[in-house]
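Here's the structure, in structure tokens; my notes come after.
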Amino acid sequence: MSAGTRTYGVLMETLDDIGERTDTNLACLEGEPEPWESRMQVTCECLSKAGALDNLERRHEEDRLGETIYVRFPVRTRSALTVAHALMDRNVFSEADLRRKMAEVRTRLTEE
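Residue numbers (this note's numbering): 9 to 120.
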């Protein structure tokens with residue numbers, strides 16, 4: 009995968025929604041995962057099975073990017089950030105595409 013050190017504004021801006029990292033140890037990973045986390049893992053498994061995004065490489069990149077670019081983000085959000093980062097690096101979708109989709113979802117959620 010070898011995601012670069014490029015930062016994507018659309019991902020960095022989510023820090024305002026998520027909030028700064030307050031989890032300072034791995035105890036934050038105890039307990040049941042949130043539904044979105046389970047779905048994220050299933051999506052990653054599907055991407056790996058299809059050969060689009062190898063799980064082991066993704067995990068290495070998650071460690072690397074999580075301690076550099078995404079260090080201010082909570083540990084549990086880093087998988088989603090890393091996958092989005094990697095897919096944009098691979099030109100699967102653009103930063104503008106992701107920004108549009110996120111706006112769509114936010115609108116839908118506020119209407120509910």
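The beta-carbon is built from N, C-alpha and C at its ideal position, and this holds for glycine as well.
Beta-carbon gap between residue i and residue j smaller than 7 Å
{"i": "valine 18", "j": "glutamate 112", "result": "no"}
{"i": "methionine 48", "j": "alanine 92", "result": "no"}
{"i": "arginine 66", "j": "glycine 74", "result": "no"}
Cα-Cα separation, residue i to residue j
{"i": "lysine 109", "j": "arginine 116", "result": "11 Å"}
{"i": "aspartate 71", "j": "isoleucine 77", "result": "10 Å"}
{"i": "isoleucine 26", "j": "asparagine 99", "result": "25 Å"}
{"i": "glutamate 69", "j": "leucine 61", "result": "11 Å"}
{"i": "proline 43", "j": "threonine 30", "result": "21 Å"}
{"i": "methionine 129", "j": "glycine 39", "result": "In the structure as shown, the chain begins at 9 and stops at 120. Residue 129 is therefore absent and cannot be evaluated."}
{"i": "threonine 13", "j": "glycine 59", "result": "23 Å"}
{"i": "alanine 94", "j": "glutamate 28", "result": "22 Å"}
{"i": "arginine 107", "j": "methionine 20", "result": "12 Å"}
{"i": "aspartate 105", "j": "glutamate 119", "result": "21 Å"}
Presumed contact (8 Å Cβ cut-off) between residue i and residue j, rounded CB distance
{"i": "leucine 159", "j": "arginine 80", "result": "The structure shown has nothing for residue 159, since the chain only spans 9 to 120."}
{"i": "cysteine 52", "j": "asparagine 63", "result": "6 Å"}
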